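> Mind having a look at this structure? Questions to follow.
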Amino acid sequence: VGRIDIDDELTVDGDGEDATLVIGVTFTPPESGEPVRLVRVDGSTLLAPAGPEAATIERELEPGGPPVHADLTFIPNRCDVHVVAEDRTGGILPLRVEGEPFGSSPVYLRFSEPQKAQIFDYLAERCGFGKKQDPLNAP
């Protein structure tokens, strides 16, 4: 994979407990080398794919070819306030890539600080932080 660009603005579709987070990603191939297959993006401590096909890409990235864009849909992995507050890796999502020279390997999508802030805003709204009682932090 030559270059990976995550859209600056992440999109929230729906409202309340039905809201999903859509993350647009553009994969730009290098000018030379071997083709790779972009398989899927897996979840993290914070985010899980919204369904079996929600984070599946299944597209070839050919050297010198056009960029490939994918919109990936996620929901919260967990809505425990303490998990979100203590998170250290939620701003990273593993992308599964396959290629002839190396087999199958993860490449990590890393979010910028403004993108992480959008993820945390989505989680706070979707999980009802400040609106619902977290059973693990109950009085």
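In my numbering, the protein residues as written are 7 to 145.
Here a beta-carbon is modelled for each residue, glycine too, at the ideal position from N, C-alpha and C.
No experiment lies behind these values; they were computed from the predicted model shown.
Nearest by alpha-carbon distance to Ala-56: which of Thr-95, Leu-78, Leu-44 and Tyr-128 is it?
Per the Cα distances, Leu-78.
> Looking only at its own chain, which residues have a Cβ that is under 7 Å from the Cβ of Pro-112, when we skip the five neighbours before and after it?
Pro-100, Leu-101 and Arg-102
> For Pro-145, I'd like the list of residues in its chain whose CB is within less than 6 Å of its CB, leaving aside the five on either flank, ordered along the chain.
Legend: pLDDT at Pro-145 = 49, less than 50; position of this residue unreliable, value from coordinates given subsequently. Within the same chain, Pro-145 has no close Cβ partners at all.
> For Glu-149, which residues from the same chain have a beta carbon less than 6 Å from its beta carbon, with the 5 sequence-adjacent residues on both sides left out?
Given that the chain is displayed from residue 7 to residue 145, the structure contains no residue 149 and the question cannot be resolved.
> Whole angstroms is fine: what's the gap from Phe-33's alpha carbon to Cys-133's?
31 Å
> Please confirm whether Pro-72 and Ser-38 have their CB atoms less than 9 Å apart.
Not in contact: Pro-72 and Ser-38 (Cβ atoms no closer than 9 Å).
> Please state the DSSP three-state secondary structure of Leu-129.
Reduced to three states, the DSSP call for Leu-129 is helix.
> Could you have a look at Gly-167 and say whether DSSP puts it in helix, strand or coil?
Outside the shown range of the chain, which is 7 to 145, sits residue 167, and nothing can be said about it.
> Taking all protein chains shown into account, decide if Ala-91 is buried (16 or more other Cβ within 10 angstroms of its Cβ) or exposed.
exposed
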